[in-house]
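Okay, so the sequence shown: first residue is 1 according to the UniProt record's numbering, each after it adds one. C-beta: ideal position from N, C-alpha, C; glycine also. Just so it is clear, the structure is predicted and the values come from calculations on it, not from any experiment. Note sheet for the following structure.
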Amino acid sequence: MSTTAELLKGAAELFPDEVVTQAHVRHLDLPKGAGRFALITLDNGLDHTKPTTFGPQSLANLNVAIDQVEKEAADGEIVGAGIAGKPFIFAVGADLKGVELLARHEDALAIGKGGHDVFKRLSALAVPTFAYYNGAAMGGGVEVGLHCTYRTVSKALPAFSLPEVFLGLVPGWGGCALLPNLIGADRAVSVIIENSLNQNKQLKGQQVFDLGIADALFEGADFLERSLDWTASVLKGETEVARPEIDRGEAWDAAVQRGKAIADSKVHGAAPAAYRALEIIAAAKNGDLRQGFDAEDQALADLIMGGELRSGIYAFNLVQKRAKRPAGAPDKSLARPVTKVGVVGAGLMASQLALLFARRLEVPVVLTDIDQARIDKGVEYVHGEIDKLLLKGRVNQDKANRLKGLVSGHLDKAAAFGDADFVIEAVFEEMGVKQQVFAEVEAVVPEHAILATNTSSLSVTEMASKLKHPERVVGFHFFNPVAILPLLEIVRAEKTDDASLATAFAVAKSLKKTAVLVKDAPAFVVNRILTRFMGEIQNVIDEGTSVEVAEKAVEPLGLPMSPLVLLELVGPAIGLHVSETLHGAFPERFTVSPNLKAVVEAGKRGFYVYDSGKPELDPEVAALLKQGDAVLTEEQVRDRVLDAVAQEIRLMLDEGVVAEAQDIDLCLITGAGWPFHLGGITPYLDREGVSERVTGKKFLAPGVASVPA
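Laid out in structure tokens, this is it:
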């Protein structure tokens with residue numbers, strides 16, 4: 001049987017580039033004469049922007065530190081031991097870069113066992129152990145603390161979570177077995193399943209304490225000092241830590257059922273991690289931790305060797321790394337400063353943009369429109385949204401006043417934009433209207449000003465074609481709601497120059513948006529793929545398949561909403577307009593649904609009514625539908641939809657709409673809420689065999705979002 005040290009040594013050899021965490025042991029005399037205490041500090045020697053993680057060598061270092069503390073405890077040299085992190089960071093869990101490299105089940109199993117073997121030694125020491133959550137704690141960082149006898153948490157702690165299910169794993173170093181036995185199954189399900197599947201929601205220090213995960217809560221400024229005082233009073237018997245009785249009856253089973261309902265609603269059975277975590281929580285009801293840890297090891301190894309985890313890590317890397325270095329963006333030194341922004345239009349989209357520019361850039365923003373009443377309404381909207389931020393405590397009174405002062409409106413474009421560096425139009429989606437707007441703006445703005453368009457499907461090159469300086473026009477396509485969806489498609493038209501493009505990317509970064517460079521091709525990326533996807537759904541309905549079957553067919557994709565609910569959010573008229581634009585460009589692949597046209601002409605806002613609280617087909621829409629007699633099964637519908645999407649993505653890559661398949665996934669994850677656990681769309685199409693069936697090859701190289709060969 002391998003020892004823990006041997007297991008970890010073997011794993012470390014597979015992962016030579018690990019950023020290694022040291023585990024420093026120092027000794028101190030506790031206050032109140034409580035005795036000598038050993039404190040282990042986890043620190044990778046880098047500042048807080050490079051959080052501390054646990055790779056195999058890091059676990060080995062902690063193991064060695066525990067060897068020392070274990071001996072001191074056995075010899076009666078210390079009264080207790082504690083574990084803390086470097087400033088602002090406790091520890092953020094396993095090093096995922098190492099997980100990506102694993103190609104064998106037994107290596108994956110060693111990672112699970114290695115973590116357990118090290119962490120559980122903390123609960124086996126001859127003295128009480130304490131975890132001091134001084135800063136960000138996630139995954140294995142949370143779990144190492146769960147193995148201790150007591151825990152304290154800082155009020156200043158910004159982020160605490162078990163995010164494994166979000167990535168396609170389970171909390172596999174004690175989280176699934178220990179947490180429900182500490183705080184009860186229902187609260188554990190909230191942390192492990194619900195928060196994780198809710199876009200990886202983080203807890204703050206106060207919530208960690210309120211949930212019962214930590215036994216004491218202290219201010220951040222003197223957190224460690226206060227924690228050590230508290231430790232002394234616990235060890236001297238002055239402070240007693242009372243924990244509630246855990247309900248191991250029906251409440252436990254009900255919690256697991258609630259977790260299953262959450263998983264079903266979020267991933268529709270399409271990703272196994274949540275269900276594996278729930279099995280371990282269900283089995284932990286009897287309190288047998290050894291059995292729970294073994295189950296965690298197995299689940300961890302199985303999931304590490306599965307495609308979903310690799311897709312989850314791939315998606316995580318896209319959002320965390322690729323998003324920060326956009327492919328094809330010009331050198332940022334070419335970007336020009338932006339000290340004033342103009343917005344043409346004062347409708348809802350334009351007003352949302354004005355609010356975003358004012359908040360993020362903190363420069364004057366001026367709206368114009370065709371009459372004063374519209375302008376006033378737009379400015380009023382922005383001021384009202386700033387008041388809401390003030391009420392929620394997101395800005396203080398001073399900041400609110402300053403932001404409101406930055407946003408104004410003017411009927412005269414020359415007065416409004418005469419000194420603007422960046423002007424964006426958000427007017428009606430009609431080429432003639434947009435060309436006219438740009439001609440008027442070009443006549444009054446300075447020579448260096450960028451002209452940006454928020455078009456969702458029109459040609460930016462054609463829009464710029466009648467201008468004296470088409471080189472300063474860029475597509476700057478936001479997604480609705482602007483404040484929530486991170487994606488910004490930046491479109492390079494035929495004549496756009498590098499300085500204009502670099503400025504657009506610099507502005508996107510200041511706006512805290514995920515910018516992806518796209519070619520000036522019809523509907524760019526997200527709308528082109530979604531329109532092909534929705535078009536195929538509408539085709540099968542038009543041909544005779546019921547709305548219910550067509551909608552249910554794509555449930556296994558785990559999309560945030562069904563296609564027809566998404567259509568309602570976008571607006572059927574906009575959906576129809578984009579499908580007409582794409583039908584004009586690619587008539588052989590994009591259809592215009594007569595039924596959708598009828599729904600729009602009838603002024604309906606969507607296919608459903610919500611009288612019962614659930615979406616039900618609107619009887620008035622049902623009466624409008626004219627269907628053929630070709631009825632497909634769910635599986636046939638799903639195949640048709642996925643085949644169409646795979647074909648479209650291959651054509652887009654061949655046309656050079658984006659640099660790589662990775663950019664398509666990044667666009668769909670950040671602009672359309674495409675499921676993170678699937679890794680976007682291309683790993684899913686590869687994994688399901690659709691890519692090869694339709695296009696003859698996979699989109700991604702082996703090992704990119706899959707287990708290395």
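Fewer than three Cβ pairs drawn from the region 476–489 and the region 297–316 lie within less than 8 angstroms of each other, which leaves the two stretches out of contact. Looking from the CA of Ala108, the closest CA among Thr152, Gly55, His147, Pro563 belongs to Gly55.
Counted as a single uninterrupted DSSP element, the beta strand (DSSP E) harbouring Val344 occupies residues 341–344. A straight-line Cα-Cα distance of about 10 angstroms links Lys388 and Ala400. In this structure Lys468 does not touch Thr455 by the C-beta definition: roughly 20 angstroms separates them, more than the 8 angstroms allowed. In the structure shown, Gly384 falls within a helical segment according to DSSP collapsed to helix, strand and coil.
In the DSSP secondary-structure assignment, Tyr132 is bridged to Thr152. In this chain, the beta strand (DSSP E) harbouring Gln22 covers 22–30. Of the other Cβ atoms in all chains shown, 16 or more fall within 10 Å of the Cβ of Thr581; this residue is therefore buried.
Nearest to Val343 by alpha-carbon distance, out of Ser311, Leu278, Asp412, Lys324, is Asp412. Just so you know, the alpha carbons of Leu203 and Leu211 end up roughly 10 angstroms apart.
The region 301–388 is shown to contain whole beta strand (DSSP E) runs of 3 or more residues at 341–344, 365–368, in chain order. Under DSSP, no beta-bridge partner is assigned to Ser196. Sequence-distant Cβ neighbours of Pro330 in its own chain, meaning closer than 6 angstroms and more than five residues away, are Asp498, Leu501, Ala502. Cβ contact annotation for Val241 (same chain, cutoff 7 angstroms, sequence separation greater than five): Tyr150, Asp215, Val234, in chain order.
For Ser456, the three-state secondary structure derived from DSSP is coil.
Cβ-Cβ separation between Val341 and Phe357: approximately 5 angstroms, consistent with a contact (criterion under 8 angstroms).
Ser510 sits in a helix when the DSSP states are folded into three classes.
With contact defined as three or more Cβ pairs closer than 8 angstroms, the region 291–309 and the region 159–179 are in contact. The beta carbons of Glu655 and Ala521 sit closer together than 8 angstroms.
In summary, Ile541 is buried, with 16 or more beta-carbon neighbours lying within 10 Å of its beta-carbon over all protein chains present. According to the DSSP assignment, Ala103 belongs to no alpha helix (DSSP H), since it is labelled neither H nor E. For Ser691, the secondary structure class from DSSP, reduced to helix, strand or coil, is helix. Cβ contact annotation for Val20 (same chain, cutoff 6 angstroms, sequence separation greater than five): Gln57, Ser58, in chain order. At the C-beta level, Val382 and Val516 stay beyond 8 angstroms of one another. Judged by their CB atoms, Pro486 and Lys519 are not nearer to each other than the 8 angstroms cut-off.
With at least 16 other beta carbons inside 10 angstroms of its own, Tyr132 counts as buried.
A contact is defined here as three or more CB-CB pairs under 8 angstroms, and the region 426–441 fails this definition with respect to the region 388–398. When the beta-carbon positions are compared, Pro31 and Ala221 stay at least 8 angstroms from each other. Residue pairing for Lys519: DSSP places it in a beta bridge opposite Arg492. Within the region 552–586, the runs of alpha helix (DSSP H) at least 4 residues long that lie entirely inside it are, in chain order, 563–570, 572–585. CA-to-CA, the gap between Met652 and Asn63 works out to about 51 angstroms. The C-alpha of Phe88 lies about 7 angstroms from the C-alpha of Asn134. Under DSSP, Arg36 shares a beta bridge with Asp29.
With contacts defined as CB atoms closer than 8 angstroms, Cys176 and Ala11 fail to qualify as a contacting pair. A Cβ-Cβ contact shorter than 8 angstroms links Gly259 with Leu278.
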